[in-house]
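S.K.: I'd like to ask some things about the structure below.
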Amino acid sequence: MINEQYKKMLEGKSVIRKLSEAATARGKEIGYENVFDYSLGNPSVPVPEKFTEVMIELLKTKNSMELHGYSPSLGIASVKDKIARSLNKRFGMNYTGNHIFPTTGAAGALAHAIRCVTKPGDEVLTFAPYFPEYNFYVNMTGAKLKVVPADTRNFQINFKHFEEMLDEKTAAVLINTPNNPSGAVYNRETLQKLAELLLRKQEEFGHDIFLISDEPYREIIFEGVDAPYVSEFYDNTLSCYSYSKSLSLPGERIGYVAVNPKCRDAQLISAICGQISRGIGHNCPSSIIQLAVSQVLDETSNMSVYEVNRNLLYQELTSLGFTCIKPGGTFYIFPRALEENAEIFCQKALKYDLILVPSDSFGVPGYFRMAYCIDTEKVERSLYALRKFVKENY
């Protein structure tokens, strides 16, 4: 008999994926260039040229087993050492290679980090708006995800509700900054206040509370925005990173868990992650991609297009009467819909070939997300459709 839990999940397919599939189908009818698809956060800029050169050089000069054999269960030591040195240089940390655990992207990093610091029955708190897949990442470990209501004034942390929800069952807090879907970046004041509260609650409850920081958008920060490194503020932090956005490599599925050297049992956590891999089969990320990424750690794709697109959309949306926080990073913008029901709003937009994602699954009703990782030329053409949609309906 098949697993009923997974069977039931088929009925709750991601709304983002549904809309992306609808956009693809519509594209076959009218040409995808005429569908203004803001559904999927798939990086649209090329990988850095240096990454391509490194891949070619590796294929020409390294032996087949080194490139295509299984990597060690805890990751390639030289790669881990390079990642640690890069983080130390950039953020003033004190990582060693033993604090780095390579994973299959940020999802793989979260899969390990959550299991490492929770057990069935524990609670993990996160903050709305949040990435909907967190529900599955957490709840299917046996822990329970609880969502703190949003502070919609600026999408920083709603500390009043957060403190009310923190209790003895809280084993971890999961944050995402820069944030998908809002584009908000947690500032120093927010992170300092978060750290102070967690330290106080650790002492009150008599057990560790880990901070799991989901950071795939760490490098997509716009001019004038301060984006502090989360692990600076709180010792019991596990940073979950992916090169999907910074190097435009989502299909390569490469990232890592970085264990703050000051956290409890810091020297054990990477090894424990290796044991977790045995249970979930989420192990041994690609050897060649580990080796290639380790040679371009200080590189990023040219992501300036995302800031250009943000500026175009923010100006147009606000001029049309939308309430919207200006994103400090990522390639998402999160305006309030022009009617209470965001799903109905987004359904109406489909008639104008605007593919917008309603906010209900992000934990904040009444908003919608636009993933503007598309060509600027297409953003510019979409503005006419957006104006027409608003004029004819609102």
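Under our numbering, read the sequence shown as residues 76 to 469, first letter to last. All C-beta atoms, glycine included, are put in the ideal place defined by N, C-alpha and C. The model shown is predicted, which means the values in this text are computed figures rather than measured ones.
#1: For the region 338 to 426, list the beta strand (DSSP E) runs that are entirely contained and at least 3 residues long, ordered along the chain.
#2: Under 8 Å, do S323 and V122 count as touching if we go by C-beta distance?
#3: Could you tell me the distance, in whole angstroms, from the CA atom of A159 to the CA atom of T265?
#4: Taking S146 and C359 to be in contact with their CB atoms under 8 Å, please state how far apart those CB atoms are, rounded to whole angstroms.
#5: Go through its chain and collect everything with a Cβ distance to K125's Cβ below 6 Å, but skip five positions before and after it.
#6: Pair every Cβ in the region 400 to 411 with every Cβ in the region 251 to 260, then say whether three or more of these pairs are closer than 8 Å.
#7: Among V154, I419, P118, N262, whose alpha-carbon lies nearest the alpha-carbon of I175?
#8: How would you write the range of the alpha helix (DSSP H) that E104 sits in, first residue to last?
#9: Within this structure, are the beta carbons of P470 and V90 separated by less than 8 Å?
#10: Mind reading off the beta-carbon distance from A424 to F464? Whole number of angstroms is fine, and I expect it under 8 Å.
#11: What are the start and end residues of each continuous alpha helix (DSSP H) run of 4 or more residues lying completely inside the region 195 to 269, in chain order?
#12: Quick one: measure Cβ to Cβ for A446 and L115, integer angstroms, because I've assumed they're closer than 8 Å.
#13: Under three-state DSSP, which class holds A333?
#14: Am I right that V332 and A184 are in contact with their C-beta atoms under 8 Å? What's the rounded C-beta distance?
#15: Take M168 and list the residues in its own chain whose beta-carbon comes closer than 6 Å to its own, dropping the five residues that flank it on each side.
#16: State whether the region 302 to 313 contacts the region 280 to 294, with contact taken as three or more CB pairs (one from each stretch) at a distance under 8 Å.
#17: Check whether the Cβ atoms of L249 and T179 lie closer than 8 Å to each other.
#18: Give every residue of the same chain whose Cβ lies closer than 7 Å to the Cβ of P209, excluding the five residues on either side of it in the sequence, and list them in chain order.
#19: Would you check if the distance between the CB atom of Y309 and the CB atom of A270 is smaller than 8 Å?
#20: Restricting to Cα atoms, I'd like to know which of P118, A98, S119 is closest to F111.
#21: In whole angstroms, give me the CA-to-CA distance for E141 and L366.
#22: Within its chain, find whatever has a CB closer than 6 Å to the CB of R190; leave out the 5 residues flanking it on each side and keep chain order.
#23: Between which two residues does the alpha helix (DSSP H) carrying I295 extend?
#24: Look at the Cβ atom of T405, then the Cβ atom of I295, and state whether they are nearer than 8 Å.
#25: Can you have a look at I449 and say buried or exposed, based on whether 16 or more other CB atoms are within 10 angstroms of its CB?
#26: Determine whether the beta carbon atoms of V439 and P291 lie at a separation below 8 Å.
#27: Answer yes or no: do F437 and C421 have a C-beta to C-beta separation smaller than 8 Å?
#28: With N485 and D226 assumed to form a contact (beta carbons below 8 Å), what rounded beta-carbon distance in angstroms separates them?
#29: Let's see if you can read the secondary structure: which residues bound the alpha helix (DSSP H) around D156?
#30: Between K466, R339, D428, Y459, which has its C-alpha nearest G102's C-alpha?
M.R.: In short, the structure shows the following:
#1: none
#2: yes
#3: 26 Å
#4: 5 Å
#5: V371, E374
#6: yes
#7: V154
#8: 90 to 105
#9: The structure shown does not extend to residue 470, since the chain is modelled only from 76 through 469, so no value can be given for it.
#10: 6 Å
#11: 209 to 214, 234 to 240
#12: 6 Å
#13: strand
#14: 5 Å
#15: L162
#16: yes
#17: no
#18: Here residue 209 turns out to be Tyr, not Pro, going by the sequence shown. If we look at Y209 and ignore the five residues flanking it on each side, its Cβ neighbours are T201, L220, L249.
#19: yes
#20: A98
#21: 9 Å
#22: T216, I351
#23: It is not in any alpha helix (DSSP H) - I295 carries neither H nor E in the DSSP assignment.
#24: yes
#25: buried
#26: no
#27: no
#28: Residue 485 lies beyond the residue range present for the chain, which begins at 76 and ends at 469; the question has no answer from this structure.
#29: 152 to 166
#30: D428
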